[in-house]
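Asker: Right, I'll just put the structure down here and ask away after.
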Amino acid sequence: MASPARSPQLTAFGAQRAGGPGQLAGRTVSRIGFGAMQLERLRGERKAAAALLHRCIELGVDHIDTAQFYGHGFVNEVIREAIRAQDDVMVVSKVGAEPDPDGPLPLRLAQRPEQLRAAVEDNLTTLGMEQIPLVNLRRTDAGPGLRAEGDQVIDLDDQLAVMTALRDEGKIGAIGLSSVSLDVLRRALPAGIACVQNAYSLLARDDEGMLRLCLEEDIAWVPYFPLGSAFDGMPKVTDEPAVRAAARDLNAAPAQVGLAWLLHHAPNVLLIPGTADPAHLEANVQAGALTLDEATLSALDTVPSRAGDIAID
């Protein structure tokens, strides 16, 4: 006898999906996922890193975002060790950069088609997977960070050709984009795009048109720096007076208000806040249960976007 269908509100673990259910590459996942980058901080505490992932599952998180270049493969290895098949967690990765331990920055771009293919193969190996459900191509068209130069300036069509081939080969399930402009997204749509990851927050809403296009095209919008960052030109959401006022009224942390606003703003928004601290993880998940009434939303919606010119390293 077939087992009864699981409620979309519940994960395979039986927990309420953090932030409720959302859609990502044709799968139902928790709208609040987990960005695994900061697990690198627990390199010397491997058991603690695995325990944090277990806690994610207990809290209703079944969407984890990673990359081979996080901790030179350490983060992927911990995910492989900690996440079981029966947990039914969707693991998403990205390509387009690689570690550069001896360089001025810890990362360097890896945009060439052969580098993208090699990165997917490395992810498959360290994650111990036959197929990665979704891989985001991290470009350099928009947002903070590096800009491509020299042989790293690669035409979008050449990159999509190898990503599509990897999908056809069954090594990846779906293609996403990261750090892209509206024009690049439009050019990429015929390839079938499942996700866009761009820098976006209450105070950095220059990509509003792209978010709306994603909503029309059933593409998940997964913002990074959802609370701002230390980059020049990216103010911190938690310092915004309207956010702090809403937090006082709701007896919540300003960060929770910033995350909750994103979830309220559009139904295709999924979040991947990262942390290496269990208490911080729980606070992030609790943001998914925060209800913002119309007055609060109106006050937050009228806060002007002021990302300005983001500094590029």
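Numbered per the UniProt record's numbering, the sequence shown finishes at 313, counting up by one with no gaps.
Even for Gly, the Cβ is constructed at its ideal location relative to N, Cα and C.
Model, not experiment: these values are computed from the prediction.
(1) By how many angstroms is the C-alpha of Val-153 removed from the C-alpha of Gly-33?
(2) Using the Cβ count rule (16 or more neighbours within 10 Å means buried), how would you classify Ser-298?
(3) Return helix, strand or coil for Arg-41, following the three-state DSSP convention.
(4) Tell me whether the region 47-55 and the region 7-27 touch, counting them as touching only if at least three CB pairs, one residue from each stretch, are closer than 8 Å.
(5) Looking at the unbroken alpha helix (DSSP H) that takes in Asn-76, where does it start and where does it end?
(6) Give the secondary structure of Gln-152 by DSSP, where H, G and I count as helix, E and B as strand, and everything else as coil.
(7) Kindly provide the ranges of any alpha helix (DSSP H) runs that are 4 or more residues long and lie completely inside the region 171-215, ordered along the chain.
(8) Once you ignore the five residues that flank Ala-161 on each side, which residues in its own chain have a CB closer than 8 Å to its CB?
(9) Rounded to the nearest angstrom, what separates Ser-181 and Ala-276 at their Cα positions?
(10) Answer with buried or exposed for Ala-2, where buried requires no fewer than 16 other C-beta atoms within 10 angstroms of its C-beta.
(11) I'd like to know if the region 230-250 and the region 165-180 are in contact, where contact means that at least 3 CB-CB pairs between them fall below 8 Å.
(12) For Asp-100, I'd like the list of residues in its chain whose CB is within less than 7 Å of its CB, leaving aside the five on either flank, ordered along the chain.
(13) Note down the Cα distance separating Gly-71 from Lys-94, rounded to an integer number of angstroms.
(14) Among residues of its own chain, excluding the 5 on either side of Asp-158, which ones have a beta-carbon nearer than 7 Å to its beta-carbon?
(15) Using a threshold of 6 Å, is the CB atom of Ile-272 nearer than that to any non-hydrogen atom of the ligand SAH?
(16) With C-beta atoms as the reference, is Ile-132 less than 7 Å away from Asp-87?
Answerer: In terms of the structure at hand:
(1) 32 Å
(2) exposed
(3) helix
(4) no
(5) 74-82
(6) helix
(7) 182-188
(8) Pro-113
(9) 31 Å
(10) Since pLDDT at Ala-2 reaches only 48, below the 50 mark, its modelled position is unreliable, and no value is offered.
(11) no
(12) Pro-106, Leu-107 and Arg-108
(13) 14 Å
(14) Pro-113
(15) Of ligands this structure carries none, so the ligand SAH is not represented either.
(16) no
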